Amino acid sequence: MSGQKNQKGKYRNYILAITGLAVFNFLFLGTEYFFDDRMAELVPAGRVVWAQSIILTVSVAGFLVYPILKHYQENRQGMVMQIILGVICMLSIWMMTGNRSERSLLIWGCVFFLFAGMYGSKVHDQAANILKNSNHMALMVGTAYAAGLLLQFVNNNLITDNRIQVSMLLIFVVIFVILVDCFKIEDEAEVQNNASIHPGLTCGALVCCVLLMTFIFAALDNIVTYYHAKGAIDVGEWPRLLLALSGILAGILFDLKKRRYMSLVMYCVTVLSVLCILLIGIGGSILAGLLVFYPAAGFFVVFFTTGFMEVSYYTRVPALWAGFGRAINNIGAGIVGFISTMLPYAMSVNADENVSGEGLSPMLFASIVILILFVMISIAMFIYSSQLRVNIIEERFERKEDMDGLTVEVASATTGSVFDSVSGKHDIESENVIKGSDGTDAVDYFARFAEKYRLTDREQEVLRELLESDESVQDIAGKLYISRTALYKHISSLNEKTDTRSRIGLIQFYYAWRNR
Numbered sequence: 007m008s009g010q011k012n013q014k015g016k017y018r019n020y021i022l023a024i025t026g027l028a029v030f031n032f033l034f035l036g037t038e039y040f041f042d043d044r045m046a047e048l049v050p051a052g053r054v055v056w057a058q059s060i061i062l063t064v065s066v067a068g069f070l071v072y073p074i075l076k077h078y079q080e081n082r083q084g085m086v087m088q089i090i091l092g093v094i095c096m097l098s099i100w101m102m103t104g105n106r107s108e109r110s111l112l113i114w115g116c117v118f119f120l121f122a123g124m125y126g127s128k129v130h131d132q133a134a135n136i137l138k139n140s141n142h143m144a145l146m147v148g149t150a151y152a153a154g155l156l157l158q159f160v161n162n163n164l165i166t167d168n169r170i171q172v173s174m175l176l177i178f179v180v181i182f183v184i185l186v187d188c189f190k191i192e193d194e195a196e197v198q199n200n201a202s203i204h205p206g207l208t209c210g211a212l213v214c215c216v217l218l219m220t221f222i223f224a225a226l227d228n229i230v231t232y233y234h235a236k237g238a239i240d241v242g243e244w245p246r247l248l249l250a251l252s253g254i255l256a257g258i259l260f261d262l263k264k265r266r267y268m269s270l271v272m273y274c275v276t277v278l279s280v281l282c283i284l285l286i287g288i289g290g291s292i293l294a295g296l297l298v299f300y301p302a303a304g305f306f307v308v309f310f311t312t313g314f315m316e317v318s319y320y321t322r323v324p325a326l327w328a329g330f331g332r333a334i335n336n337i338g339a340g341i342v343g344f345i346s347t348m349l350p351y352a353m354s355v356n357a358d359e360n361v362s363g364e365g366l367s368p369m370l371f372a373s374i375v376i377l378i379l380f381v382m383i384s385i386a387m388f389i390y391s392s393q394l395r396v397n398i399i400e401e402r403f404e405r406k407e408d409m410d411g412l413t414v415e416v417a418s419a420t421t422g423s424v425f426d427s428v429s430g431k432h433d434i435e436s437e438n439v440i441k442g443s444d445g446t447d448a449v450d451y452f453a454r455f456a457e458k459y460r461l462t463d464r465e466q467e468v469l470r471e472l473l474e475s476d477e478s479v480q481d482i483a484g485k486l487y488i489s490r491t492a493l494y495k496h497i498s499s500l501n502e503k504t505d506t507r508s509r510i511g512l513i514q515f516y517y518a519w520r521n522r
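Counted from 1, the sequence shown has number 296 at position 290 by the numbering used here; the numbering is strictly sequential.
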């Protein structure tokens, strides 16, 4: 009964995590769309891009403030503050509705997105805790993103009355405030992060990856926003449904082999995005560009959301890193937005130079920038991918090694091994004088074991050390003159061949096999 109850609680939390992320995506993207529409009524298209960049940059502060508040506030104080912030968000949306002043509209937009950033950081932190042990994290993130986009599509396309659209946003603010208090971790021990691993290089590489990719995707987004503000296209039209579908597809592809190929898939999608920029740059169809941009953008959102959730498990402040993907994305979008407002002047000056045959053409300049970005993205992506796998392997084995001291006596009792009860050591050389019931030397058992499970010479050396020593992995690696990462890989290979899951499990399995 207890197991069934825990299982139901786990699925309940999965649903809450998906729903919470979906509602946040709807509110964040829906209000951004609403803000752009209101601003487009007051200022030229170029100013809309500039204003959008400001509110996105302001939202980053909210993502950074939440971890601080979480550290210092008690639960009761947090609930009161949450209600107050929810009321302020509703007031901000209401004030943007009939506002006819550019400055006032921008101020209320900044207020909303500041607190939206705080809420976003919180819901990503909670969702990361819930999804930590799930093999389908990316799919759940993609499903939440798709659900949020479908809500936005309904609100912006199927509902034509502006008052109803605003009412929908206000209602979902209330739902979101209530929803974030419904999260409950059934087993807090399951979500404790490994503070002994410090993946500074992994985090830095992921930040660089997302920031550099954002420059590409934000450039596309600003082009779309510009044409939307001019009335040439409506970003809420049916091509946006491709964004929702791509989120689900991205989740499915990213989760293959426990997200082993997530970085590779994202890199290929980035190539398509660059082709989209070039297509629009040479005067191609904007609609055709959207058909490429939206699926690629969906992959990107699922990538940075899942990537930062995953890397947060190996950091000291997971509440900061879980939602940091959206923050980095907004920083990059803000930078590109500010640059794009100055770009027309720069291009006009460049065009004057080209009259005399001097200077670079805009397309050549863009190609050079894109090439540089690709080189930097490639380096950052390689570092991130390789380091993340190392962190996962180290965390997996170090976490299970912490259990060795608690289970070694049980292992001795259940397997009949000759562990020393004081030192925990067992000298395999002593097996030369230990006889089996049939008179066979025990050392022959090791050779038989190695032959049965097709262990390589190096794997046999590793297994011997594990059987003889209770030293740390670092010390064992030093004895074998290999790196700790290489040792982890050998242990992982031994686990796969023997169908075990940890170092102590491997030792137990060996002695259980020998005593048969």
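We put the CB at the ideal spot given by N, CA and C, even for glycine. Please read all numbers here as calculations on a predicted model, not as lab measurements.
Helix or strand or just coil, what does DSSP make of residue i?
i    : result
D463 : helix
S354 : With a pLDDT of only 44 at S354, under the threshold of 50, the placement of this residue in the model should not be trusted; the figure read from the coordinates follows. Of the three classes helix, strand and coil, the one that applies to S354 here is helix, per DSSP.
P50  : coil
N521 : coil
V186 : coil
D42  : helix
E477 : coil
T347 : helix
Y72  : helix
H142 : coil
N265 : Residue 265 is actually Arg in this sequence, not Asn. Three-state DSSP puts R265 in coil, outside helix and strand.
G26  : helix
D3   : Past the edges of the chain, shown from 7 to 522, lies residue 3, and the structure says nothing about it.
I2   : A question about residue 2 goes unanswered here, because the residues of the chain that appear run from 7 up to 522.
D131 : helix
V323 : coil
D505 : coil
Using the beta-carbon count (16 or more within 10 Å), is residue i buried or exposed?
i    : result
V277 : exposed
T63  : buried
T462 : exposed
A294 : exposed
R460 : exposed
L5   : Since the first and last residues shown for the chain are 7 and 522, residue 5 lies out of range.
A386 : buried
N139 : exposed
T220 : buried
G206 : exposed
N135 : buried
V375 : exposed
G104 : exposed
D42  : buried
H496 : buried
Look at the Cβ atom of residue i, then the Cβ atom of residue j, and state whether they are nearer than 9 Å.
i    : j    : result
A133 : G26  : yes
F299 : F314 : no
V271 : F223 : no
S65  : V342 : no
F121 : I99  : no
I383 : C274 : no
P324 : D187 : no
S252 : P301 : yes
I254 : G92  : no
V29  : G115 : no
L226 : I165 : no
I488 : A211 : no
K14  : N141 : no
F69  : G123 : yes
L512 : N501 : yes
T208 : Q393 : yes
A34  : G126 : First, the residue type needs correcting, since residue 34 is Phe and not Ala in the sequence shown. A contact, by the Cβ cut-off of 9 Å.
Does the distance between the C-beta of residue i and the nearest non-hydrogen atom of the ligand PLP fall short of 8 Å?
i    : result
C214 : With respect to the ligand PLP, the structure shown offers nothing to examine, as it has no ligands at all.
Taking 9 Å as the CB-CB limit, is residue i close to chain C?
i    : result
R522 : In summary, chain C is missing from the structure at hand, where a single protein chain is found.
Inset, instruction - Output the residue ranges of the alpha helix (DSSP H) runs that lie fully inside the region 79 to 105 and measure 4 residues or longer, sorted by chain position. - result: 81 to 103
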